[in-house]
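When you number the sequence shown by this note's numbering, it's gap-free, plus one each residue, and the end is 400. By construction, the Cβ of each residue, glycine as well, lies at the ideal position given by its N, Cα and C atoms. All of these numbers come straight from a predicted model, not from anything done at the bench. Here is the structure we will look at, set down as structure tokens.
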Amino acid sequence: MPIPSIKKTWSFFIVFLITLVTAFFVSSPEAYSEEGITWNRIRLLPGLSIMEKYSDNIFLSNKKRQNDSVTIISPQLSLDFSISPDNYINISYNGNYNLYRKSDNFKKDIHKTDAFWKWITPKGSLLKIGGSINFDSIQPYSLQDDHKDFAEKRLFGETVFEVSAFIDMGIAYDRAVQRFRKSTYKSDDFDRDSAILRFFYKRLPDITVTTEYSYSCQNNKDIAGPSTDMDSHVVLIGAQWDPLKKLYGHIKSGYYMVNSKSDIRSSGFAMDTDIGYRLTDIILLKLVAYRRAVTSIRAARESGAYYISTGGGLKVSYTGLNALVVTVNTLYKNNQFKQFSSDTDSKRKDNYFDVGLTVKYTVQKWFSFITNYHYRANNSTVDEEDYTENRIEAEFRFDL
């Protein structure tokens, strides 16, 4: 009789633990609340989604297209322990268990665990400290390819406090470490440290003026060739609006600069915009736009050391049909790839499009049915990176 692998045993243990803990709280006569399950100072928010997804180009190939369908079972569990109303600890787990019909070279399970402590003082200052572990994978791109498993670990801290009557200051730090399981993809391993300094000017009515400086330093585990280690600086100035207002979100723009040890340099316009507008009581518009430098992952068919990504999208949601929500969204991005050295510049550019339609029907407060359709296309100057895909999803979602 074969002995089950440690990974499978761990996966089944997580699902069993979520079921067991949920059953324990549900069995308590004082467990139920308007949101989640509570017991003394503990609140439990369990969730489960079962999705059927179909793709007519599962490997995102430009020539040998293969369709496939996959059943995705996603358990979620969030546990809050309240020290006081504004002082609590949160631990959460999200998992995906994938059952493919035809393909057998995709990763079958993905796990992400987060934990943080958040404290809001009586004067409104914020302190948040936490970490996360993500066991994920980059998909295969052909029948002969394999999934590329990696682990990402993060530690982060954030604080916001009052400097004067109209000025708040925020400081954030993030440490990320990524490691691929196979040495073949070691060139995508990295250690990254990021820090952000923010100022908020709150004297104007209904609007907060923001100034932000961020610094990131990434050390890559290069196997051979020029070093791809790099650091970046970004300065943004803009404004943000209260989430409860008709217009909400933020608009920020400024300047970025990227330097590497291989004498790769890039600088230019930077942008970070994410705003929503309540056109009427039943129509919501949401706009995103950005321009930033992104580190390339060669295992995901991204060229060079990094790329400049410029993109934007519009989402329109309609809620005027009782329990039905209809959302139409579009996304476009242009990626210009930068090579390891100025002598080897392939000048690769990608133009990516995504158009989608989502329909969500809330049967009960704790149960909903969601359908999605997406058309995705990537037009690249490198022929092998061109692809189109039609994707259809049907999901049953349960949330307490």
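Minimum C-alpha distance to residue i - residue among the options
i	options	result
residue 267	311, 187, 293, 244	293
residue 110	94, 176, 172, 193	94
residue 185	394, 300, 196	300
residue 139	43, 169, 103	103
residue 319	355, 282, 312	282
residue 437	144, 315, 296	For residue 437 there is no data in the structure shown, the boundaries of the chain being 1 and 400.
residue 332	317, 313, 350	313
residue 403	354, 190, 105	The first residue shown for the chain is 1 and the last is 400, placing residue 403 beyond what the model contains.
residue 147	105, 278, 120, 119	105
residue 245	237, 236, 160, 208	208
residue 149	238, 253, 188	188
residue 48	374, 366, 381	366
residue 374	380, 382, 359, 363	359
residue 85	219, 239, 117, 101	117
residue 323	337, 122, 364, 82	364
Span separating the alpha-carbon of residue i from that of residue j
i	j	result
residue 387	residue 400	39 Å
residue 133	residue 98	19 Å
residue 76	residue 91	11 Å
residue 179	residue 221	9 Å
residue 286	residue 328	11 Å
residue 215	residue 131	20 Å
residue 181	residue 151	8 Å
residue 128	residue 156	8 Å
residue 351	residue 41	50 Å
residue 385	residue 63	10 Å
residue 264	residue 233	14 Å
residue 28	residue 306	Reliability fails at residue 28, whose pLDDT of 46 lies under 50, so the model's placement of it is uncertain and the value that follows must be treated cautiously. Using only the alpha carbons, I get a separation of about 53 Å.
residue 24	residue 125	Because the pLDDT at residue 24 is just 49, under 50, the model does not fix this residue reliably, and the value given afterwards should be weighed accordingly. Approximately 36 Å between the Cα atoms of the pair.
residue 276	residue 248	5 Å
residue 206	residue 162	18 Å
residue 57	residue 212	41 Å
residue 393	residue 370	8 Å
residue 353	residue 278	25 Å
residue 291	residue 38	43 Å
residue 284	residue 194	34 Å
Residue(s) in a DSSP beta bridge with residue i
i	result
residue 277	247, 285
residue 194	174, 216
residue 240	208, 250
residue 336	308, 349
residue 180	150
residue 50	73, 396
Whole-angstrom C-beta distance between residue j and residue i, which should lie under 8 Å
i	j	result
residue 348	residue 303	5 Å
residue 288	residue 273	6 Å
residue 251	residue 199	Between residue 199 and residue 251 the Cβ distance is about 16 Å, and since that is not below 8 Å, they are no contact.
residue 54	residue 397	Not confirmed; about 18 Å, so no contact.
Cutoff 7 Å: residue i Cβ touching any chain D Cβ
i	result
residue 187	No chain D is part of this structure, which consists of one protein chain only.
#### Entry: Sequence ranges, beta strand (DSSP E) only - wholly within the segment 354-385, length at least 3
As far as the segment 354-385 is concerned, its whole beta strand (DSSP E) runs of at least 3 residues are 367-380.
### Task
For the segment 292-323, list the beta strand (DSSP E) runs that are entirely contained and at least 3 residues long, ordered along the chain.
The qualifying runs are 306-321.
### Query
Hey, which unbroken runs of the beta strand (DSSP E) at 3 residues or more fall wholly within the segment 65-118?
Secondary structure in the segment 65-118: the beta strand (DSSP E) runs of 3 residues or longer, each lying completely within the stretch, are 68-84, 87-100 in chain order.
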